[in-house]
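In UniProt numbering, the protein residues as written are 1 to 302. Ideal Cβ positions, reconstructed from N, Cα and C, are used throughout, including at glycine. Remarks on the structure that follows.
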């Protein structure tokens, strides 16, 4: 029998007398949900899973409000096309890839999923968020590896001037996601060179984050990264989940972009199916629902 998946959650804390800020996410259930919704290949699952996790971590670090959202788009010219994820400070996340069935063989040199190969590294990572005045702001950075974690870290350093370390991982076993998660450590004002050297040494010694997740979960990864740095974790974990903002009403509204003749063709064909690219949800709209769009328009014009 397959063991049940843990609920996904977010942990926050500090280390080194508050000069390091950390945010970690246990993302196994979120990434498995994405895999099932989009029927993702193994390597596409890893690429999207890392990006989904990163979007939540960035939302928490960059967001100013309880429901701040961050959108990450990675496009490196690889076979998966683009990878897009939207994360929120309240733990909600959604995302998709352009070609969910794209896949590559395991890398011979290290036996790992070839995320860099499927994403590519000839392109950029862009991050969109809302500023305090409500205006959207998009920053970007050139991809350095296509492995996602390094690219997110580079974006934070180059575009946001935030010294950081980012670890992301997805481990698949038995045809499903067995472990997934991530950790972002942010250097705060007053951090010493000794603290940064210790953090770097810890991260180098801990190895792959997936190995730590497999041994002891997110707490194992956080503890190893902050060993000897006086870790202080928040007492409560915050739930996280794959949740889309689509709805039947929004699906119907999308048909307003078609002209009346096109909508009439849909009616005569017996209705229209709308698929949300963010989450894969399918909405079958009846001829009556489609006809109601033109009736609403006519009433609005009267």
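Query, Result
"Indicate whether residue 20 and residue 28 have their beta-carbon atoms separated by less than 8 Å.", "no"
"For residue 221, which option in 230, 203 and 232 has the closest C-alpha, if you only look at C-alpha atoms?", "203"
"Rounded to whole angstroms, what is the Cα-Cα separation between residue 1 and residue 105?", "Reliability of the predicted coordinates at residue 1 is poor, the pLDDT of 43 falling under 50, and no value is obtained from them."
"Apart from the five residues just before and just after residue 172, which ones in its own chain have a Cβ nearer than 6 Å to its Cβ?", "42"
"Tell me, which residues are paired with residue 241 by DSSP?", "92"
"With the cut-off set at 8 Å, would you say residue 115 and residue 47 are in Cβ contact?", "yes"
"With a threshold of 16 other CB atoms inside 10 Å of the CB of residue 302, please say whether the residue is buried or exposed.", "Unreliable placement is indicated for residue 302, whose pLDDT of 46 sits below 50; the coordinate value is still reported in the next sentence. Result: exposed."
"What is the DSSP secondary structure of residue 72, reduced to helix, strand or coil?", "strand"
"Cα-Cα, which of 134, 125 and 84 is closest to residue 143?", "125"
"Can the beta-carbon of residue 30 be found closer than 8 Å to that of residue 184?", "no"
"Does residue 1 come out as helix, strand or coil in the three-state DSSP assignment?", "Only weak support is given to the placement of residue 1: the predicted model assigns it a pLDDT of 43, under 50, and the question is left unresolved by the model."
"So residue 97 packs on residue 81, CB below 8 Å; how close in whole Å?", "6 Å"
"Under the three-state reduction of DSSP, which class applies to residue 277: helix, strand or coil?", "coil"
"Can you tell me whether DSSP reads residue 153 as helix, strand or coil?", "helix"
"By a C-beta neighbour count over all protein chains shown, 10 Å radius and 16 as the cutoff for buried, is residue 137 buried or exposed?", "exposed"
"Quick check: the Cα distance between residue 271 and residue 11, rounded to an integer number of angstroms?", "45 Å"
"Name the DSSP bridge partner or partners of residue 97?", "83"
"Pick helix, strand or coil for residue 105, following the three-state DSSP scheme.", "coil"
"In the structure shown, what three-state DSSP assignment does residue 302 receive?", "Confidence at residue 302 is low in this model, with a pLDDT of 46, below 50, so its placement is unreliable and the value that follows should be read with caution. Looking at residue 302 - three-state DSSP - the assignment turns out to be coil, as it is neither helix nor strand."
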